[in-house]
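Inspection log for the structure reproduced underneath, given as structure tokens.
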Ligand code: AR6
């Protein structure tokens, strides 16, 4: 099983083969973590994203990392669910994001990947539930990725992710 690390910081500073961005279907860039990743990767990221768009919620697509410093080679773009109360498959869609990112990473031979807290910003997914889904999904995934870093952007998200890694039960 992959080593899971929870860290506090900016995903654009991660030193791994692949970083994940929480995108929208256009893959042209947006706010939040997508802004940080596009800013660091440069304008070719939006060009490459647009060429392979759309990316549907729960899916993931890869582009080169362009101006991001090595060893970062790939940006994996995934589109989370827009939270609408929880009765519209949001949890399944979020789990699918993590699974699909790891599948794409495996296809590329990625050894280390960094994830943001997908869908917990603009898309409004409750952070505690999202943390539990993220951890449960990556723990149960069949993957050759050796290192999975969960990058929290604030202390609250960090604490929730740490707590989630210490639980054994699946989210309800
Ligand atoms: N590094 C790590 N995490 C970050 C960073 C960063 N630099 N910046 C923000 N976060 P969001 P979403 C955290 O809104 O909810 C975009 O416009 C943030 O605190 O970036 O999936 C896309 O283009 C939050 O916990 O993504 C879409 O239109 C988490 O990243 C839409 O937002 C996700 O917040 C996607 O919304």
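Numbering (my numbering), first residue to last: -3 to 168. For glycine and all other residues, C-beta sits at the position ideal for the given N, C-alpha and C. Computed from a prediction, not measured in an experiment: that's the story for all the values here.
Shortest gap from the CB of residue 114 to any heavy atom of the ligand AR6: under 7 Å.
In this chain, the beta strand (DSSP E) harbouring residue 57 covers 56 to 60. In the displayed model, residue 74 falls within a strand according to three-state DSSP. Contact between the stretch 74 to 83 and the stretch 35 to 48 is absent, with fewer than three C-beta pairs closer than 8 Å. A straight line joining the alpha-carbon of residue -2 with that of residue 24 spans about 31 Å.
The beta carbons of residue 144 and residue 121 sit about 19 Å from each other, so the pair does not count as a contact at 8 Å. DSSP places residue 2 within a strand segment (E or B) once states are collapsed to three. In the structure shown, residue 146 adopts extended strand secondary structure according to DSSP, grouped into three states. DSSP, read as helix, strand or coil, puts residue 108 in strand. Straight through space, the alpha carbons of residue 119 and residue 149 are spaced by roughly 15 Å. Contact annotation: residue 127 and residue 160 have beta-carbon atoms nearer than 8 Å. For the 8 Å CB-CB criterion, residue 19 and residue 75 form a contact. Residue range 14 to 19 is occupied by the beta strand (DSSP E) that includes residue 17.
Taking 7 Å as the cut-off, the C-beta of residue 42 does not count as close to any heavy atom of the ligand AR6. Judged by the Cβ position, residue 149 qualifies as a neighbour of the ligand AR6 at the 7 Å threshold, a heavy atom of the ligand being closer than this. Take residue 30, set aside five residues on each side of it, and the residues of its chain with a beta-carbon closer than 7 Å to its own are 17, 18, 19, in chain order.
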